[in-house]
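Visitor:
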């Protein structure tokens with residue numbers, strides 16, 4: 005049975021600053037290079053009049069897989085995710101986040117929205133479902149994916165704020 009996942013992450017920057025960052029190819033190259041010790045791969049990064057799309061493949065460290073799951077999952081596990089943003093037309097920005105565990109029937113499908121809270125603050129709203137149709141341990145896989153996604157929000161926020169603070173050349 006799918007697990008609902010909702011999260012709100014506050015950002016101390018304007019919606020415009022965060023949206024511009026999340027739709028910047030250089031941000032994605034830097035993000036993938038720094039996350040998980042640089043073991044990820046930016047598969048695609050495109051922007052056009054339909055919006056922005058980044059596709060990333062990221063390994064999941066074996067140590068982060070609960071011992072009870074190790075006999076049910078492949079020895080090497082990676083996640084491929086796509087984050088897409090529509091062109092901005094109002095005081096919000098909307099997008100999607102789709103994540104699939106490679107070689108395992110497990111995924112996250114979510115809607116993402118940036119909402120201005122003030123001139124120098126916005127919130128990222130994330131609402132979706134985690135689905136893992138793995139016999140016997142599906143609920144445990146969903147719980148693990150939900151926990152890793154929550155940790156991912158914190159890591160992404162830290163990276164994004166650090167990236168925003170860097171001088172641009």
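In the working numbering, the protein residues as written are 5 to 173.
Think of the CB as a built atom: it goes at the ideal place given N, C-alpha and C, for glycine as much as any other residue.
#1: Quick one: residues in its chain with C-beta nearer than 7 Å to the C-beta of residue 168, no 5 flanking neighbours on either side, listed in chain order?
#2: What do you get for residue 9, buried or exposed, if any count of 16 or more other CB atoms within 10 angstroms of its CB means buried?
#3: By how many angstroms is the C-alpha of residue 132 removed from the C-alpha of residue 93?
#4: Kindly indicate which residue of 161, 137, 56, 44 has the alpha-carbon position closest to the one of residue 90.
#5: Within the continuous beta strand (DSSP E) that includes residue 128, where are the two ends?
#6: Rounded to the nearest angstrom, what separates residue 59 and residue 123 at their Cα positions?
#7: Please classify residue 149 as buried or exposed, where buried requires at least 16 neighbouring CB atoms within 10 angstroms.
#8: Kindly indicate which three-state DSSP category residue 96 falls into: helix, strand or coil?
Guide: Concretely, from the data shown:
#1: Result list for residue 168: 17, 21, 25, in chain order.
#2: It is buried - the Cβ of residue 9 has at least 16 other Cβ atoms within 10 Å.
#3: Cα-Cα distance, rounded: 23 Å.
#4: The closest CA to that of residue 90, considering only 161, 137, 56, 44, is found on 56.
#5: Following the DSSP letters along the chain, one finds residue 128 inside the beta strand (DSSP E) bounded by residues 125-136.
#6: If you take the alpha carbons of residue 59 and residue 123, they lie about 30 Å apart.
#7: Classification of residue 149: buried, given that the 10 Å Cβ count is 16 or more.
#8: DSSP places residue 96 in strand when its eight states are reduced to three.
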